[in-house]
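Enquirer: Heads up, the sequence shown is in the working numbering, so the first residue is 40 and it goes up one at a time.
Quick reminder that beta carbons are idealized off the backbone N, C-alpha and C, glycines included.
First, the structure itself, so that you have it in front of you.
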Amino acid sequence: MSNAAQHVAIIMDGNGRWAQQRGRPRLVGHHAGAKRIREIVEACPAVGVKYLTIFAFSTENWKRTQSEVSGLMRLFKRYIRRESQALIDDGVRVRFIGDRMNLDDQLVSIMDELELVTSHNKKVNLTIALNYGGRDEVTRAVKRLAREIEQGKLAAKQVNAKVLAGFLDTHFLPDPDLVIRTSGEARISNFLLWQSAYAEYEFIDTLWPDFKADEFSQLVSKFGSRERRYGAVS
Ligand code: FPP
Numbered sequence: 040m041s042n043a044a045q046h047v048a049i050i051m052d053g054n055g056r057w058a059q060q061r062g063r064p065r066l067v068g069h070h071a072g073a074k075r076i077r078e079i080v081e082a083c084p085a086v087g088v089k090y091l092t093i094f095a096f097s098t099e100n101w102k103r104t105q106s107e108v109s110g111l112m113r114l115f116k117r118y119i120r121r122e123s124q125a126l127i128d129d130g131v132r133v134r135f136i137g138d139r140m141n142l143d144d145q146l147v148s149i150m151d152e153l154e155l156v157t158s159h160n161k162k163v164n165l166t167i168a169l170n171y172g173g174r175d176e177v178t179r180a181v182k183r184l185a186r187e188i189e190q191g192k193l194a195a196k197q198v199n200a201k202v203l204a205g206f207l208d209t210h211f212l213p214d215p216d217l218v219i220r221t222s223g224e225a226r227i228s229n230f231l232l233w234q235s236a237y238a239e240y241e242f243i244d245t246l247w248p249d250f251k252a253d254e255f256s257q258l259v260s261k262f263g264s265r266e267r268r269y270g271a272v273s
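See below:
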């Protein structure tokens, strides 16, 4: 059986330190980080990755300074506008996960637009987690599920893992096979908590703005040579 990583998820960490090392403001690091995304997306087809999910902004990131948060929001808008043509040309279907409620209307409408204009693309599925947190996602899912029970559309005894997964933001995605975190921190920081139950993790020292297609491809190939047993015996 082929053991390719069909779905790779990335925690893009280290933008701030990258900027700091250069004596520049943190936002310079975020801009450099945003520029790395296209190369990684374009590297996916050659290594058999069909789904790439990236963590752009967490439900906890609102605690950063107001200037960093607003700078990031401006960056997301600019990035989406600037990259949409390249994403279309590369056959990339883009979807967003996370809570859109607290995002500004203009950002939400350009996110909706990008999802729409790329909806027929099939080569790579890029999912951008924006205002995303694993616990928040599960909480929102359970709320929707409870509402369906209240309305009599679903019975409590019908609820199982598959049914609950159908209420998650990621209902359209297979579970990640490999989760990569850059910049030397060995934490998952509330990213895809439910979905990563059987994922392999790679914590690497490279700061996100220095992460290149070569290193990505090597990690994906390394994954392909490992055996996964999902709790069973080989
Ligand atoms: C973590 O680095 C990075 C973020 C909180 C933001 C991730 C955003 C990008 C890579 C840019 C744009 C993304 C899109 C989709 C346009 P950090 O600030 O926590 O770094 P540090 O740990 O060194 O401080």
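Who pairs with A48 in a beta bridge, going by DSSP?
Expert: T92, V218, per the DSSP bridge assignment.
Enquirer: Beta-carbon separation of G173 and L111 under 8 Å?
Expert: Contact: no.
Enquirer: Find the nearest neighbour of R65 within the set V147, R267, S106, P84, judged by alpha-carbon distance.
Expert: S106
Enquirer: Considering only their Cβ atoms, is the gap separating A95 from I167 smaller than 8 Å?
Expert: yes
Enquirer: Give the secondary structure of E239 by DSSP, where H, G and I count as helix, E and B as strand, and everything else as coil.
Expert: Correct three-state label for E239: strand.
Enquirer: Give me the DSSP bridge partner(s) of I167.
Expert: Residue pairing of I167 in beta bridges, as defined by DSSP: I93, F135.
Enquirer: So S228 packs on S97, CB below 8 Å; how close in whole Å?
Expert: 7 Å
Enquirer: Where does V198 fall in DSSP's three states?
Expert: coil
Enquirer: I'd like to confirm something about S222: is its beta-carbon nearer than 7 Å to some heavy atom of the ligand FPP, or not?
Expert: yes
Enquirer: Check whether the Cβ atoms of G137 and N170 sit closer than 8 Å, and answer yes or no.
Expert: yes
Enquirer: Excluding sequence positions up to five away, which residues of its chain have a Cβ less than 8 Å from the Cβ of S235?
Expert: A48, D214, P215, V218, I227
Enquirer: According to DSSP, simplified to helix, strand and coil, what is K192?
Expert: For K192, the secondary structure class from DSSP, reduced to helix, strand or coil, is coil.
Enquirer: Within 10 angstroms of the Cβ of M40, are there 16 or more other Cβ atoms? Answer buried if so, exposed if not.
Expert: Any reading at M40 is ruled out, since the residue's pLDDT is 45, under 50, leaving its predicted position unreliable.
Enquirer: Looking at the structure shown, is M40 part of a helix, part of a strand, or coil, going by DSSP?
Expert: For M40, the predicted model reports a pLDDT of 45, less than 50, meaning its position is unreliable; a value from the coordinates is still stated below. Of the three classes helix, strand and coil, the one that applies to M40 here is coil, per DSSP.
Enquirer: Can you tell me where the alpha helix (DSSP H) with D38 in it begins and where it stops?
Expert: It is not possible to answer for residue 38, since the shown part of the chain is limited to 40 through 273.
Enquirer: Just checking my contact of G53 with T221 at CB under 8 Å: how many whole Å lie between their CB atoms?
Expert: Rounded to the nearest angstrom, the Cβ distance from G53 to T221 is 5 Å, consistent with a contact under 8 Å.
Enquirer: What do you get for A44, buried or exposed, if any count of 16 or more other CB atoms within 10 angstroms of its CB means buried?
Expert: buried
Enquirer: Between which two residues does the alpha helix (DSSP H) carrying R65 extend?
Expert: 65-82
Enquirer: Check N229 in the structure and name its three-state DSSP category.
Expert: The DSSP-derived three-state label of N229 is coil.
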